[in-house]
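Trainee:
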Amino acid sequence: MSSKDCSFSSKRATALLQLWEGHAATGGAGKEALQAFYHNTFISKMPGNMSLEPLERTVGKDAHGVDTVVDEFMVSFTHSTMVDWMLPGIEPTSKQVSVPFIVVVKFKGDKLSAERIYWDQATVLRQIGVLQPTTPATTGGDQAKKMADFGSVPSNGLINAAAQG
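If you're matching positions, the sequence shown starts at 54 in this note's numbering and goes up one per residue.
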């Protein structure tokens, strides 16, 4: 996905007035706030080499009967520019990042009503060097490797490392 190919209007042309976007600590609620977030902070500020590799998609209804799509994918990029929607205020490190994302999208009829995006921030911070490898309870790039190929990384590595002191 190239940030130059994406715009709020092309991605969200059918959006409801009450839609919202949530990225844990960033996002927006309402048409104007969401347009500003997409234009100023999110889509227009993606690193040039960002790639999204689909892993799994589930389509159904949530507990309230709302049409819902849940996507799981791997996001990879070089931290070569400011990425304030993910790493607010952290200067580019030129380090490679790979992290699994979960996106939950809700629809009312044929219109988008909500989108939530989840990722493990500690995994990202460790890969760019903000958290050190000795920081407890972070796996860095191993989490992304395991999501792409389950057998590539031993299970329970954090538990085993903690037990060894």
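Every residue gets a Cβ at the ideal spot worked out from N, C-alpha and C, and that includes glycine.
Note that this is a predicted model, so its numbers are computed, not measured.
1. Starting from the N-terminal side, write out each stretch of the beta strand (DSSP E) that is 3 residues or longer and does not extend beyond the segment 100-187.
2. From D120, L178, G182 and I170, pick the residue whose C-alpha is nearest to that of F95; which is it?
3. Between L184, Q185, N102 and D120, which has its C-alpha nearest G162's C-alpha?
4. So, helix, strand or coil for K198, using DSSP?
5. How about A86: is its C-beta nearer than 7 Å to some C-beta of chain C?
6. Between V128 and F154, how many whole angstroms is the CB-CB distance? I'm expecting something under 8 Å.
Mentor: A quick look at the data gives this:
1. 104-114, 120-131, 149-161 and 164-172
2. As a working mapping, residue 95 is identified with position 42 in the sequence shown. Ranking the options by Cα distance to F95, first place goes to I170.
3. Residue 162 sits at position 109 when you count from the first residue of the sequence shown. Per the Cα distances, D120.
4. Looking up residue 198 in the sequence shown gives position 145. The answer is helix: DSSP assigns K198 an H, G or I state.
5. Structure shown: chain C not included; a single protein chain is present.
6. The residue labelled residue 128 in the question sits at position 75 within the sequence shown. The residue labelled residue 154 in the question sits at position 101 within the sequence shown. That belief holds up - the Cβ atoms of V128 and F154 are roughly 5 Å apart, short of 8 Å.
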